[in-house]
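Peer 1:
Protein chains: 2
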Amino acid sequence: MKRNTKVSTAVIRRLPRYYRQLSELQAAGVVRISSSALGRSMGLTASQIRQDLFCFGEFGQQGYGYKVDLLKEEIGEILGISQGHTLIVVGTGNLGRAIIRNFRFSANGFRLLAAFDVDPAVVGTEIAGIPVRHAGGLEDFVAAHSVDVGLLTVPIAAAQQMGDRLMAAGVRGIWNFTNYELTCTRQDVVVESVHFSDSLLTLSYLISQREDMEGNQ
Amino acid sequence: MKRNTKVSTAVIRRLPRYYRQLSELQAAGVVRISSSALGRSMGLTASQIRQDLFCFGEFGQQGYGYKVDLLKEEIGEILGISQGHTLIVVGTGNLGRAIIRNFRFSANGFRLLAAFDVDPAVVGTEIAGIPVRHAGGLEDFVAAHSVDVGLLTVPIAAAQQMGDRLMAAGVRGIWNFTNYELTCTRQDVVVESVHFSDSLLTLSYLISQREDMEGNQ
């Protein structure tokens, strides 16, 4: 497989959407799909689809479209789903608990190993079968289990400090749910933040646009 | 202000990031910023910044950059932040609770009016001052308070049904946290979904790429 290291951020951000869409098509029993049909279902043009996928190699066959299961597998491979990445959750408040209980880590190629907190009331318990350990043991655990990703869901006041500790301990990535813009102090660590507000403001824009259009009728 | 209704999805998705970045610059006391400096802080080129903002009108002055507070205000206006949109939360499990307690609705121009659930143990209580009502009264409440957005965080099995009820009740948008791909049954309703997995798979891709590069050294 061709791996172009100069792929644009926009294309990278679309890959998980392809993967999701193809998973749904597969679940719906679709075997083969044209770039135009795939594009329509994702709000993209057929030519965008072809250009995006061309960044990673030759998929599909002119005039025959893509085989859904094969394309899904290849994109999953590109996304690193088969690499068995490991993850810990730091912070077991409501959001941490919700994610531990409901997020399908394994469907995304991740193994959730443990959760960490400082609250004596939760340390030593389990959440959906995942042991909650004391945050004091974070560094040792990351080293012993070569943890790839730390999911950060601690209060804002503790965000940078816990982020720094995760980076120093040797994780390769931080999945940041703290609403705090972490300063990445190590070049070899990737920080990916989930910003709920970006999503709500997009929705706000779209409904405001419609209100305007209706107002102008 | 010019309002171009043919703005691309990619530009729309960047607007909340501009708003967030400008809010941080403002908090840090930055008064004026060049398009190249703004671009650097967001991983975009100066010309992308200029092109994006040009979709919405004339901002900034050649050679002088942008006034941070003014640009933030204008983008906030475009995003509909000043329109006083209203919102209800449907589903008060761990994720619903976490969002009610911690998400800054007002900073994004939204007023959270109420939460809804079917669990008798929570109906009638309050979460962070927000009353939890029985889902049976959803339609009446939406009509009486002309609710703009329903935040959906119910179990997957109930997602489409509750989504349909919200749409029929008259909301203009659904902010979907259910991990279920809602079928939008009304053309006048916008569905915006938060897909945690898209974010984790992007992180997975980025750390896999680095592993490859290190492996090739």
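Read top to bottom, the protein sequences are chains A and B.
Numbered by this note's numbering, the letters in the first sequence go through residues 7 to 223 in order.
Numbered by this note's numbering, the letters in the second sequence go through residues 7 to 223 in order.
Positions of the beta carbon are idealized from the N, C-alpha and C atoms, including for glycine.
Quantities reported herein were computed from a predicted structural model and do not represent experimental measurements.
Taking its Cβ as the centre, do 16 or more other Cβ atoms sit within 10 Å of V96 (chain A), making it buried, or is it exposed?
Peer 2: By the 10 Å Cβ count, V96 (chain A) comes out buried.
Peer 1: I need the DSSP call for R192 (chain B), collapsed to helix, strand or coil.
Peer 2: Of the three classes helix, strand and coil, the one that applies to R192 (chain B) here is coil, per DSSP.
Peer 1: By how many angstroms is the C-alpha of A175 (chain B) removed from the C-alpha of D146 (chain B)?
Peer 2: Distance between the alpha carbons of D146 (chain B) and A175 (chain B) is about 8 Å.
Peer 1: For E132 (chain B), which beta-bridge partners are listed by DSSP?
Peer 2: According to DSSP, which records beta bridges pairwise, E132 (chain B) is partnered with B:P137.
Peer 1: Looking at F116 (chain B) and L206 (chain A), is the spacing between their C-beta atoms short of 8 Å?
Peer 2: It is a contact, given that the beta carbons lie within the stated cut-off.
Peer 1: Taking C-beta to C-beta, are M48 (chain A) and Q32 (chain A) nearer than 8 Å?
Peer 2: Cβ atoms of M48 (chain A) and Q32 (chain A): not closer than 8 Å.
Peer 1: What whole-angstrom Cβ distance do V138 (chain A) and G156 (chain A) have, given they're in contact under 8 Å?
Peer 2: Going by Cβ atoms, the distance from V138 (chain A) to G156 (chain A) rounds to 15 Å, so no, they are not a contact pair.
Peer 1: Restricting to Cα atoms, I'd like to know which of A:R110, A:Q166 and A:F202 is closest to A104 (chain B).
Peer 2: Of the candidates A:R110, A:Q166 and A:F202, the one whose C-alpha sits nearest the C-alpha of A104 (chain B) is A:F202.
Peer 1: Starting from L50 (chain A), trace the beta strand (DSSP E) in both directions and tell me its first and last residue.
Peer 2: Per DSSP, L50 (chain A) belongs to no beta strand (DSSP E) and is neither H nor E.
Peer 1: Would you list, in sequence order, the uninterrupted alpha helix (DSSP H) runs of no fewer than 4 residues that lie entirely inside the stretch 97 to 123 of chain B?
Peer 2: Runs of the alpha helix (DSSP H) inside the stretch 97 to 123 of chain B: 100 to 108.
Peer 1: List the whole-angstrom C-beta distance separating R20 (chain B) from G71 (chain B), where the pair is believed to meet the contact cut-off of C-beta under 8 Å.
Peer 2: At roughly 18 Å, the Cβ-Cβ gap does not stay under 8 Å, so R20 (chain B) and G71 (chain B) are not in contact.
Peer 1: For T159 (chain B) and I180 (chain B), what's the separation of their Cα atoms in angstroms?
Peer 2: Approximately 10 Å, taken between the alpha carbons.
Peer 1: With distances taken Cα to Cα, identify the nearest neighbour of D170 (chain B) among B:I55, B:S152, B:V196 and B:I136.
Peer 2: Here the closest residue by C-alpha is B:V196.
Peer 1: Starting from L209 (chain B), find everything on chain A with Cβ-Cβ shorter than 7 Å and list it in chain order.
Peer 2: Neighbours of L209 (chain B) on chain A, chain order: V155, G179, W181, V196 and E198.
Peer 1: Assuming G86 (chain B) and S210 (chain A) are in contact, meaning their beta carbons sit under 8 Å apart, how far apart are those beta carbons, in whole angstroms?
Peer 2: With 8 Å as the limit, G86 (chain B) and S210 (chain A) qualify as a contact, their Cβ atoms being about 4 Å apart.
Peer 1: Based on the DSSP output, what are the partners of K78 (chain A) in its beta bridges?
Peer 2: In DSSP, K78 (chain A) forms no bridge with anything.
Peer 1: I need the straight-line Cα distance from Q242 (chain B) to R56 (chain B), nearest angstrom please.
Peer 2: Residue 242 (chain B) lies beyond the range of chain B shown here (7 to 223); nothing can be said about it.
Peer 1: Compile a chain-ordered list of the residues in the stretch 12 to 28 of chain B whose CB is closer than 8 Å to at least one CB of chain A.
Peer 2: For the stretch 12 to 28 of chain B, which is checked against every Cβ of chain A, the residues closer than 8 Å are T15, A16, I18, R19, L21, P22, R23, Y25 and R26.
Peer 1: If you draw a straight line from the C-alpha of I136 (chain A) to the C-alpha of E220 (chain A), how long is it?
Peer 2: Going by the C-alpha atoms only, they are around 50 Å apart.
Peer 1: Measuring CB to CB, does D154 (chain A) end up less than 8 Å from I213 (chain B)?
Peer 2: For D154 (chain A) and I213 (chain B), yes; Cβs fall inside 8 Å.
Peer 1: With DSSP run on the structure shown, which of helix, strand or coil describes H91 (chain A)?
Peer 2: H91 (chain A): strand per DSSP, three-state reduction.
Peer 1: Residues of chain B with a CB under 7 Å from the CB of L77 (chain A): which are they?
Peer 2: Within 7 Å Cβ-Cβ: nothing; L77 (chain A) doesn't reach chain B, min ~15 Å.
Peer 1: Is E132 (chain A) buried or exposed, if buried means 16 or more other CB atoms sit within 10 Å of its CB?
Peer 2: The residue is exposed, with fewer than 16 neighbouring Cβ atoms inside 10 Å.
Peer 1: Using a Cβ cut-off of 8 Å (strictly closer), state whether R38 (chain A) contacts chain B.
Peer 2: By this cut-off, R38 (chain A) is not an interface position.
Peer 1: Interface residues of chain B around L204 (chain A) at Cβ under 8 Å?
Peer 2: For clarity, residue 204 (chain A) is Asp in the given sequence; the question names Leu instead. Residues of chain B passing the Cβ test: R19, P22, R23 and R26.
Peer 1: Can you tell me where the beta strand (DSSP E) with V155 (chain A) in it begins and where it stops?
Peer 2: First-last of the beta strand (DSSP E) with V155 (chain A): V155 to L158.
Peer 1: Could you give the DSSP three-state label for R38 (chain B): helix, strand or coil?
Peer 2: Looking at R38 (chain B) - three-state DSSP - the assignment turns out to be strand.
Peer 1: Rounded to a whole number of angstroms, what is the C-alpha to C-alpha distance between A164 (chain A) and E187 (chain A)?
Peer 2: Going by the C-alpha atoms only, they are around 12 Å apart.
Peer 1: Output the distance between the C-alpha atoms of L59 (chain A) and S14 (chain A), rounded to the nearest integer angstrom.
Peer 2: Distance between the alpha carbons of L59 (chain A) and S14 (chain A) is about 12 Å.
Peer 1: Among residues of its own chain, excluding the 5 on either side of G102 (chain B), which ones have a beta-carbon nearer than 6 Å to its beta-carbon?
Peer 2: These residues qualify, in order along the chain: V95 and T159.
Peer 1: Interface residues of chain B around Q89 (chain A) at Cβ under 8 Å?
Peer 2: Result: S210, S214 and E217.
Peer 1: Note down, in chain order, every chain A residue with its Cβ under 9 Å from the Cβ of F109 (chain B).
Peer 2: In chain order: N185, F202, S203 and L206.
Peer 1: Any Cβ of chain A within less than 8 Å of the Cβ of R46 (chain B)?
Peer 2: No, because no Cβ of chain A sits closer than 8 Å to the Cβ of R46 (chain B).
Peer 1: Identify which residue in B:Y25, B:R216, B:E64 and B:T184 has its Cα closest to the Cα of G82 (chain B).
Peer 2: Ranking B:Y25, B:R216, B:E64 and B:T184 by Cα distance to G82 (chain B) puts B:Y25 first.
Peer 1: Is the CB of A104 (chain A) under 8 Å away from at least one CB in chain B?
Peer 2: Yes, because at least one Cβ of chain B sits closer than 8 Å to the Cβ of A104 (chain A).
Peer 1: On the criterion of 16 or more Cβ atoms from any shown chain inside 10 Å, does P22 (chain A) qualify as buried, or is it exposed?
Peer 2: P22 (chain A) is buried by the Cβ-count criterion.
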